[in-house]
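Encoded as C-alpha cells, the structure appears first; notes follow it.
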Amino acid sequence: MPKTNTNILLIYTGGTIGMKLCPESDSLVPFDFSQITEEVPELTRFGYNIEAYSFDPVIDSSDVSISFWQELARIIEKNYTHYDGFVILHGTDTMSYSASALSFMLENLEKPIVFTGSQLPIGMLRTDGKENLISAIEIASAKDASGHPIVPEVVIYFESQLYRGNRTTKFSAENFRAFRSPNAPVLADIGIHIHYHTALIRYPKTWGNPLKVNYQLDPHVAVLKLFPGITEQTITAITHTPGLRGLIIETFGSGNAPTSKTFLNCIKEAIERDIVVLNITQCVTGKVDMDAYATGKALQRLGVINGLDSTTEAATTKLFFLLGQYNDNEIVRQMLSQNIAGEITK
Ligand code: ASP
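Heads up: the sequence shown begins at 40 in the working numbering, then just goes up one per residue.
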C-alpha cells in the first residue's frame, strides 16, 4: 500500500502490551519494539509512516514517577511538529495517572495523545493488545474535513472505549474492559465505525498555537483516605509529612468527614500551616457537595477546597502540576477549583 503523509509516533514505555513469551525461559519478556511491524503486521496496512520509540529500559507502570512524565513530555515536545499523533503504550496499572499528568503538562495541545495498553501481551493468541493498538493508531491519525485532528486531547483508548484520560480510573485487574470514566461520557463509540462525540471533545479556541510544556511538578502531596475508626496518630502522621504542601482527603459520600473536634483540629492546623486541602469523594460516581450535610459544611468553613467529581488520579496530578507552577498556595487554591483540562464537571 502506498504511504500516505500521516506520521504517527508510537512510544513504548513498558507494560504487558509489549511482552511476548520467551520459549527458553518460559516467561514474558519485552520484545524489541523497533520490530513492531513483525509482531503486528496489520500495521503496514494503514499505509502510514509509523515510527517507534522505546524507553530504555522499559518499565512496569508501577515504577512511573515524575521524572518519567517529564521524559515522556520531552519526547512529545521534541517530536511534536513532525508527527500527526502520538500513541503511548503504557502499563495499565498507572495509565490513568500518566494520562492525567500529561493533560496538565501539555498546554495548547492540538494533537492526539492516545494512551493504550493491554491486559494480555501482544504476543499471545487471545491478546486484546492488537485491537487496542490498531484502534489507537486510527484515532491518533483521524482528521476532520478541514485537516484538524478529531481528538486533540490526552485520551485513553481501551477495549472499544475512548475516554478523556484525566477522567479515567483502572477498574478491573481481570477484564479486558479495564478502565472506567465514571463521571464523564466516552468521547467516541467504537464498533464497526468510530462515532466521535465532537461536542464532548475539547478543541482549541484557535488553531496554530505552539505547544507549551509545563515540566515543573511538585510531589509534596499526600492522600488521606478516611475510614471509620481512623486514629489521630494516622492523620497527624500524614498532615505532618515533612515538606507537605497539598493534602487530598478522600471523604465519604458527598464529601463528608467526621465531625469530631480531634479530626477537624488536625485539618484546621494543617490549613493554618498553609497546606492546600482538597476534598474528593471515595464514591466512584457523583461529586462532593460540602453544603449537603453538616459534616461537609465543617470542612468548608475550615477552607477545604471542593474537588467536585475529580478522580484521585486527576486530583493528585493536578496538585503536582499547580504546586509546581505556583509558589503561592493561595493561587493554587484558586486554580484547583478551575477546570483546567476537562478533569472536573463544573
Ligand atoms: N503491571 C503492568 C503495568 O502496569 C500491568 C499492565 O501492563 O497492564 O505495567
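Built from N, CA and C at the ideal position, the CB exists for glycine as well.
Just measuring C-alpha positions, the residue of A353, I47 and V323 sitting nearest K150 is I47. Comparing alpha-carbon positions, the option among Y87, E110 and G57 lying closest to P160 turns out to be G57. Pairing G294 with I287, the inter-Cα distance amounts to about 12 angstroms. H234 and T155 have their C-alpha atoms spaced approximately 19 angstroms apart. Bounds of any beta strand (DSSP E) do not take in I98, whose DSSP letter is neither H nor E. Out of G230, V97 and T133, the CA that lies nearest to the CA of D71 is found in V97. If one requires a minimum length of 3 residues, the beta strand (DSSP E) runs lying completely within the segment 97-147 are 124-128, in chain order.
The Cβ atoms of I277 and L317 lie no closer than 8 angstroms to each other. DSSP places G285 inside the beta strand (DSSP E), whose first and last residues are G285 to T290.
Contact check for G53 against D95 fails: the beta carbons are separated by 8 angstroms or more. Within the model, the alpha-carbon separation for D65 versus K59 is close to 10 angstroms. Annotation: the continuous beta strand (DSSP E) that includes R203 extends over Q200 to R203. The C-beta distance from S104 to N205 rounds to 18 angstroms, too long to fall under 8 angstroms, and the pair is not in contact. Here DSSP, grouped into helix, strand and coil, assigns V371 to helix.
With 16 or more other CB atoms across the displayed protein chains lying within 10 angstroms of its CB, F197 is buried.
Between ligand 1 and Q200, a heavy atom-to-CB distance of less than 7 angstroms is absent. At a threshold of 7 angstroms, D132 counts as near ligand 1, since its beta carbon sits closer than that to one of the ligand's heavy atoms.
In this structure, the C-beta of G156 approaches ligand 1 to less than 7 angstroms from one of its heavy atoms. Short note on D99: C-beta closer than 7 angstroms to some heavy atom of ligand 1.
With a threshold of 7 angstroms, the Cβ atom of G54 counts as near ligand 1, since some heavy atom of the ligand is closer than that. The beta carbon of K326 is closer than 6 angstroms to those of L347 and D348 in its chain, skipping five residues each way along the sequence. In the structure shown, L362 falls within a helical segment according to DSSP collapsed to helix, strand and coil.
The beta carbons of V260 and T355 sit about 6 angstroms from each other, so the pair counts as a contact at 8 angstroms.
Here N253 carries a coil assignment [DSSP, helix/strand/coil].
Classified as exposed, C61 has fewer than 16 neighbouring CB atoms from the shown chains inside 10 Å of its CB. Sequence-distant Cβ neighbours of Y365 in its own chain, meaning closer than 8 angstroms and more than five residues away, are V371 and M374. If you check the CB distance, N378 and V315 do not come in under 8 angstroms. Contact annotation: L250 and E116 have beta-carbon atoms nearer than 8 angstroms.
C305 sits close to T275, with the two beta carbons spaced by under 8 angstroms. Annotation for F197: the continuous beta strand (DSSP E) segment containing it runs V193 to F197.
For L263, same chain residues with a beta-carbon under 8 angstroms away, outside a window of 5 residues either side, are I274, I277, T278, L286, I287, I288 and E289 in chain order. Along the length of the segment 51-94, whole beta strand (DSSP E) runs at least 3 residues long occupy 58-61, 66-69 and 88-93, reported in chain order.
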